[in-house]
Each structure stands twice: as C-alpha cells, then as structure tokens.
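The block underneath contains the structure these notes are about, expressed in structure tokens.
Protein chains in written order, with full-length UniProt numbering: chain A, 1 to 189; chain B, 1 to 136.
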C-alpha cells in the first residue's frame with residue numbers, strides 16, 4: 001500500500017486517532033476535545049459581559065494550537081499527501097445523492113455545494129450558516145463533540161458521554177433521513 | 001514554546017483526519033445511511049485504542065513528561081447532553097463535520113467552510129449568552 005497517495009483504512013486511522021488520547025495526557029495532562037476551542041475564541045474575541053466567556057482562556061490556549069494544527073495538517077496533506085482517487089463511496093449513496101441534486105463526486109466534499117458561489121444564497125444559508133450554528137450551539141450545550149464525548153468520554157467510561165453520543169447519532173439520522181432530502185431537493189434539484 | 005507540541009500533535013491529528021477521509025461530507029452521509037462501515041470502524045477502533053491507552057496509564061501510574069499526576073476530568077450529566085447532542089447531530093449531518101473536521105475542511109482547500117466555522121463560533125456564543133435560560 002502506498003500510504004502517501006492512498007486513503008488510510010479505518011483500522012489504521014482509528015487506532016491512530018485513539019492514540020491521541022494517551023498522547024495528550026502524557027505530554028501535557030490535556031483531555032482531547034476540540035469544540036472547546038470555539039468557546040476559547042469567543043472568550044478571547046467577543047466575551048461581552050457574558051460570565052460563560054470570562055475565564056482565563058490563555059491557560060487553555062493549548063487547545064487553540066491543537067485546532068490550528070489540525071488546519072495546518074490538512075493543508076500539509078493537500079500539498080504533499082493528497083489521495084490520488086476520488087472518495088470510494090458506496091454506489092448506492094452516490095445514486096441517492098445524485099437523485100437529490102449532488103453532481104460532483106471527485107473530491108472530499110461535493111464542490112457544487114461547498115464553494116464561494118453559495119456563500120450568500122439559500123444553499124449557503126442551510127449548509128454553512130444553519131449547519132455551522134447547530135454544530136457550535138449543540139456541541140457547547142452538550143458539553144463536547146465527537147472528540148470530547150465520543151472518544152475521550154466513552155474511552156474513560158463516562159456515561160454522560162455515551163448518552164451524548166447516542167443523541168449525536170439520533171440527530172444525524174433524523175437530519176439525513178427526514179429533513180435533509182427535502183432541503184436538498186428544494187435547493188439543488 | 002510549550003504550545004508547539006500541541007500544534008504538532010494537532011497537525012498529526014489533521015493529517016489522519018484527511019487521509020482517512022473522515023472529514024468528507026460523503027463519508028458522513030454514508031455513515032448516517034448505514035451504507036459503509038468506514039466511519040463506525042474509525043470511531044469504534046479509536047475508542048478501543050484510547051480505552052486501552054487510558055487503562056495502561058491508570059494501571060502503571062505513569063506521570064506526564066513534566067512529572068505531574070495524570071488527571072482525567074469528570075463529565076457530569078446535564079439535559080444539555082441530550083438536547084444539545086441532538087442539535088449537534090442535526091448540524092453534523094448537514095455540514096458533514098464536527099468541530100475538528102471543520103478546521104480540517106478549511107485546511108484542505110474548502111475555504112468556504114470558514115463561514116461554517118464562523119457560524120459555529122456564533123452558535124457557541126449564543127449558547128453562552130442564553131446558558132442560564134436553557135434547561136440543564
């Protein structure tokens with residue numbers, strides 16, 4: 001296998017992601033969790049008079065470096081390690097998405113949705129503005145995201161994280177099957 | 001600088017997220033359509049590996065590289081785990097990203113996801129603003 005040009009299978013990527021948990025504990029006593037970075041950005045830039053954003057965010061700045069590192073790592077992959085082929089998606093997923101108006105399948109994301117041309121239209125309002133808002137509001141209200149709850153929380157046997165993860169999945173299934181198809185037909189077809 | 005090691009760990013994390021395609025909107029659709037094992041395999045084996053790592057740390061009583069005792073913060077249950085969790089799940093299926101992959105999508109050239117990221121910051125801010133009025 002050419003690890004530079006081929007996508008990594010789950011049994012390579014999953015354990016590597018999992019190793020981040022003990023690694024962060026060993027190098028700095030840090031609990032894996034990424035959604036907190038959004039709170040620190042609020043605390044640093046727009047705290048207002050809101051008590052939730054008045055704390056010593058500089059003490060938590062490691063988290064911002066970690067999040068910034070993720071973006072840099074992705075950029076590095078784009079430049080030097082990019083997967084040669086399109087994402088090998090299940091043909092039935094492709095067929096279903098085509099019926100909902102997705103046309104481009106040769107990159108990591110459907111470029112026909114995720115491009116600047118949609119920044120100020122209804123598609124952007126749904127996929128960027130509304131979607132992003134729910135991710136930010138929901139993760140903070142839930143006290144964590146896939147990394148903080150599903151990986152860090154479950155692996156340290158914390159039952160609230162199990163509850164949160166079940167709810168993440170429930171929300172995702174509901175959106176994918178009950179709501180998103182209607183939105184996509186309206187926006188894309 | 002003491003934060004460089006976290007920048008570096010973040011970079012490794014970002015490379016893994018992109019190489020395994022878990023930042024792909026398509027992969028998230030596949031997962032919620034139950035049409036691929038990939039995402040379940042990634043998350044499941046990540047949890048199993050992390051669990052083993054934490055177990056070894058606890059069992060051996062090893063300390064951090066600077067000699068501190070390792071502390072794992074406790075999560076306390078709130079209604080937010082449920083309500084917020086469902087809201088996040090709804091957004092996850094639209095954006096194809098949880099917070100980590102948002103940073104990675106921007107880095108891998110989908111710069112329009114900056115809008116999503118800004119909106120996620122706004123969502124976090126609105127939560128903070130109305131925290132005391134929400135059920136917990």
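Note that beta-carbon positions come from the ideal geometry of N, C-alpha and C, so glycine has one too.
Look at the stretch 79 to 121 of chain B and you find these whole runs of alpha helix (DSSP H), each 4 residues long or longer: 79 to 95 and 99 to 107.
The three-state secondary structure of residue 109(A), taken from DSSP, is coil.
Here residue 189(A) is exposed. Its C-beta has fewer than 16 other C-beta atoms within 10 Å.
Residues of chain A whose Cβ lies closer than 8 Å to the Cβ of residue 74(B) are, in chain order, 158. In this structure, residue 78(A) places its C-beta atom within 9 Å of the C-beta atom of residue 107(B). When Cβ-Cβ separations below 9 Å define contact, residue 143(A) makes contact with chain B.
Linking residue 16(A) to residue 111(B) through their CA atoms gives a straight-line distance of about 26 Å. Scanning the stretch 117 to 157 of chain A from its first residue to its last, the whole alpha helix (DSSP H) runs of 4-plus residues come out as 131 to 142. At least one CB atom of chain A sits nearer than 9 Å to the CB of residue 2(B). Between residue 119(A) and residue 6(A), the CB-CB gap reaches or exceeds 9 Å.
For residue 46(A), there is no enclosing alpha helix (DSSP H), as DSSP gives it neither H nor E. Scanning 170(A), 155(A), 180(A) and 71(A) for the CA closest to the CA of residue 19(A) turns up 155(A). Two segments are said to touch when three or more pairs of C-beta atoms, one from each, lie closer than 8 Å; by this definition the stretch 88 to 98 of chain B touches the stretch 121 to 141 of chain A. With a contact defined as Cβ atoms closer than 8 Å, residue 89(B) and residue 130(A) miss out at about 14 Å.
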